[in-house]
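Okay, so here's the structure we're looking at.
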Amino acid sequence: MSDAISVTGLFKSFGRTKALDGLDLHVKTGEVHGFLGPNGAGKSTTIRILLGLLRADGGTASLLGGDPWRDATTLHRRLAYVPGDVNLWPTLTGGEVIDLLGRLRGGLDPKRRAELLDRFDLDPRKKGRSYSKGNRQKVALVAALASDVELLVLDEPTSGLDPLMEEVFRDCVAEERRGGRTVLLSSHILAEVEALCDRVSIIRGGRTVETGTLAELRHLTRTSVSAELAGPVDGVAAMPGVYDLVADGNRLTCEVDTARLDELLRRLTTVGVRSLTSQPPTLEQLFLRHYEADRPAVSA
Amino acid sequence: MTAVAAPAPVARGTGLVGTGALVRLALRRDRVMLPVWLGVQFLLAAGSASSVKGLYATDASREAFAATAGNNPATVAMYGPSTDLATLGGLATWKLGVYGAALLALMSIFTLVRHTRGDEEPGRLELVCAGVVGRYAALTAGVIVALAANLVAVPVVGVGLMSGGIAASGAFAFGFAVAAAGFVFTGIAAVTAQLTEASRAANGMAAATLAAAYLLRAVGDTTHQVSFLSWISPLGWTLQVRAFAAHPHFWVLGLALVATAVLLTTGYALSGHRDIGAGLVPPRPGPAVGGPLLRSPLALAWRLSRGLLLGWAVAFVAVSAALGSVAAGIADFASTAQVRDMITKLGGEQNLVDAYLSFAMSAAGILAAVYATQTVLRLRTEETSLRAEPLLATRVGRIRWAASHLAVAAVGVVGLLALGGVVAGLAHGLRTHDVGGQVPRLLAAGLVQAPAALLVAAIAMFLIGVLPRLSTAAWAVLGAFLLLGEFGGLFKLNQRVLDVSPFTHTPRLPGADVTATPIVALLLVAVVLTAAGLIGLRRRDIG
């Protein structure tokens, strides 16, 4: 399958601030791709470059087979965008904004529009300035989801939504995927990413640090091990890939690089294992490990 | 205040908690703008005084000037009554009175709205008011800063005039007279800031009041039958103080203080009766679907700007009708035989009326430029408030987006000037029984102002495209053009410097000859600047 989004070695600075520092991002056609990273990692900058709003200083970016800067308006017919910070025109109603944005994208399906308004429980007759943050977000979501496009670019689309509406959003994205659409989903809500995304890219400091399916990422990271042994064991602390070791008599807990799990178990069985629990890393641990810039060890 | 836990709402007095901190915050944010406003006051005062001293050193020369310019209704309409032109100070401050007062009024309006509604609209004030900050603290801080800036203006203007050789007593009396206008408009802004949810509208309403005040005194000062109009205008009060007369009317300052107190009380009362973030008019639900025409960036630009344009149209009709209907009686203004003789030598009454109408139309040209700047700068506001982003993520290109707002600005400029010309022509024609002749004359006089106003709009577009962070400097450019036109001659600036302002090149219609060269040249420069701005916009980052 071809890539809907293909970004290689992207650079962008604002004055002396380096926003992107050789970022890579590959989103396959038809997948839901999670785009993760701490605040200020460069997610929104990347998205704005993909939308042709910013010009990259270096690297290559291609979107739906075109150049996001040069072919901006032709590409925009085929995508819909939900910004993380939705600001509406104070004097226009939500319904007017939905119709305007939809028409400027090349038309929207009135039946789908009505259905989405109903599902998101949004009153389209209110003026832009009287909507709450969550409701402004819904206006942008309805406008994007009601358009017939190939690619959805969603920048933290659920910020400000209540849990009920987050659920509706998840259902909608799942439907979009079944409909064969590609989705780039920038998010901090890990449960949302876990439920929706086929693959994820984690970025930090303007660089991609990890990319792949969730299963692949889990494999690359650490497992928590807690064991009760027949007797005390030596030398575990010195083993490569073992972190946060706590040995208390016959009890032992530690974190281990998943690739080194074998070695650790072999060492433990030499003393005799009474009980053993080993947990794959939770998604939270996965993220914390990447979000915390300079900490070599991950606290459990 | 004691924090007695009483259930009764005896929290009176706590409404001002935190005012001190907010005043410091306001001063910190205004540390550049306020000195600039006051610096301009100083330069205008010092420049006017020293140049008048050089030009009109003798009593005889001043009396000669008073006899001519002081009896010309067009100049009196622009600058006010010419009662004290024989004194050095009176002559030096003739132009300065109205313009100095208007500048201080604008400073007061912008300062007050910035620290009240300007913080409230985007939700910053909510953050502040959730702290230990009283209900009236923000309004009070804005009022204190605006009034204090006006008080500082008194010695600034006074010392400025004294540096040009004007006696201290008159110089300071004049300083108080201009600051009085700043006081009153602080009060007016304190009221308009309560009325709507948008700071833009609050600024607009207060500025419209300022324009109305200017107009009232222009008509009142030139038409004996309605001279009371000068007395209901705060700008009129500045002039009525007569700082350089033998016995200045200091009691007029009391009038300004009373008006300020009444306006501030109204502002506080309105503020106490509304929710934070809200205006006085509750929002009503609107249409659930977009109308069939709302399908292009042009339709959106029109939708966003039409309220502003409508407001300006009403203002243009009012100004043109008022100035047009008094034009025919303007010759009565010059009452003495000696002056009549002079007028005849200068080309007769017809010339006098035409000069007056030409003044009215050039004022319309400047107002049209203000409208155009507001409309074009909306592009930048749309961009910085992130509203342009979702729009530009559709198939709408940047050029088309910008062109939509430019089109609304250009059509608005031409429409407003045509409207002003036709209404002035009708009003003047009805009094002179020459509707058929005057309407086309004044329509032409209005339309000939358009190139200069469009050039100002083009400067704003150029800044947005090429120097986006300095977009609001478009206002400074317009202000500089205005000051060049009013004070350039007085300061004996080189003609090349005066030529920088597009308004210098606008033919003085009706009455003068029209040549195509300046009109074509202005339009050409406007096109080039617009094109450069659009190219810059296409190349740069958005946001």
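Residue numbers (numbering that gives the first Met the number 0), protein chains in the order written: chain D, 0 to 299; chain G, 0 to 542.
Glycine included, each C-beta is placed from N, C-alpha and C at the ideal position.
Note that this is a predicted model, so its numbers are computed, not measured.
Neighbour-count burial assignment, residue i, 16 or more Cβ in a 10 Å radius
i                      : result
residue 4 of chain G   : A caution first: residue 4 of chain G carries a pLDDT of 48, below 50, which makes its placement in the model unreliable, though a value can still be read off. Residue 4 of chain G is exposed by the Cβ-count criterion.
residue 190 of chain D : exposed
residue 69 of chain G  : buried
residue 353 of chain G : buried
residue 301 of chain G : buried
residue 117 of chain G : buried
residue 477 of chain G : buried
residue 62 of chain G  : exposed
residue 512 of chain G : exposed
residue 540 of chain G : exposed
residue 448 of chain G : buried
residue 40 of chain G  : buried
First through last residue of the beta strand (DSSP E) which encompasses residue i
i                      : result
residue 79 of chain D  : 78-81
residue 507 of chain G : No beta strand (DSSP E) holds residue 507 of chain G; DSSP gives it neither H nor E.
residue 81 of chain G  : Unbroken run through residue 81 of chain G: none, as it is neither H nor E.
residue 11 of chain D  : 2-13
residue 49 of chain G  : Premise fails: residue 49 of chain G lies in the alpha helix (DSSP H), 32-54, not in any beta strand (DSSP E).
Chain-ordered neighbours of residue i on chain D, where CB pairs are closer than 7 angstroms
i                      : result
residue 393 of chain G : 75, 100, 103, 104
Interface flag, residue i vs chain D, CB-CB below 9 angstroms
i                      : result
residue 467 of chain G : no
residue 534 of chain G : no
residue 378 of chain G : no
residue 384 of chain G : yes
residue 295 of chain G : yes
residue 118 of chain G : no
residue 389 of chain G : yes
residue 424 of chain G : no
residue 408 of chain G : no
Span separating the alpha-carbon of residue i from that of residue j
i                      : j                      : result
residue 12 of chain D  : residue 538 of chain G : 16 angstroms
residue 92 of chain D  : residue 439 of chain G : 42 angstroms
residue 432 of chain G : residue 323 of chain G : 13 angstroms
residue 381 of chain G : residue 215 of chain G : 35 angstroms
residue 309 of chain D : residue 75 of chain D  : Within the shown structure, residues of chain D are numbered from 0 to 299, placing residue 309 of chain D beyond reach of any answer.
residue 58 of chain D  : residue 379 of chain G : 29 angstroms
residue 80 of chain D  : residue 67 of chain D  : 14 angstroms
residue 222 of chain D : residue 20 of chain G  : 53 angstroms
residue 69 of chain D  : residue 425 of chain G : 53 angstroms
residue 41 of chain D  : residue 283 of chain D : 20 angstroms
residue 295 of chain D : residue 71 of chain D  : Caution is warranted here: a pLDDT of 47 is assigned to residue 295 of chain D, below 50, making its placement in the model unreliable, and the coordinate value is therefore given only provisionally. Rounded to the nearest angstrom, the two C-alpha atoms are 42 angstroms apart.
residue 490 of chain G : residue 47 of chain G  : 7 angstroms
residue 428 of chain G : residue 229 of chain G : 25 angstroms
residue 529 of chain G : residue 458 of chain G : 7 angstroms
residue 224 of chain D : residue 216 of chain D : 18 angstroms
residue 44 of chain G  : residue 467 of chain G : 33 angstroms
residue 0 of chain G   : residue 14 of chain G  : Note that residue 0 of chain G has pLDDT 43, beneath the 50 cutoff, so the model's placement of it is unreliable and no number is given.
residue 285 of chain G : residue 125 of chain D : 6 angstroms
Chain G residues whose Cβ lies nearer than 8 angstroms to that of residue i
i                     : result
residue 92 of chain D : 284, 285, 286, 287
9 angstroms Cβ cutoff, residue i in contact with chain G
i                      : result
residue 80 of chain D  : yes
residue 54 of chain D  : yes
residue 123 of chain D : yes
residue 72 of chain D  : yes
residue 96 of chain D  : yes
residue 14 of chain D  : no
residue 226 of chain D : no
residue 40 of chain D  : no
residue 58 of chain D  : no
residue 47 of chain D  : yes
residue 86 of chain D  : yes
residue 51 of chain D  : yes
residue 131 of chain D : no
residue 89 of chain D  : yes
Where the alpha helix (DSSP H) containing residue i begins and where it ends
i                      : result
residue 302 of chain D : No statement about residue 302 of chain D is possible, as the shown extent of chain D runs from 0 to 299 and does not include it.
residue 519 of chain G : 515-538
residue 119 of chain D : Premise fails: residue 119 of chain D is in no alpha helix (DSSP H) and is neither H nor E.
residue 494 of chain G : 494-497
residue 324 of chain G : 296-326
Per-residue contacts from residue i into chain G (C-beta, under 7 angstroms)
i                      : result
residue 126 of chain D : 282, 285
Where residue i meets chain D, residues with beta-carbon distance less than 9 angstroms
i                      : result
residue 321 of chain G : Here the premise fails: no neighbours, minimum Cβ distance about 30 angstroms.
Contact test: residue i Cβ vs the ligand HEM heavy atom, cutoff 8 angstroms
i                      : result
residue 510 of chain G : This structure lacks the ligand HEM, and indeed carries no ligand of any kind.
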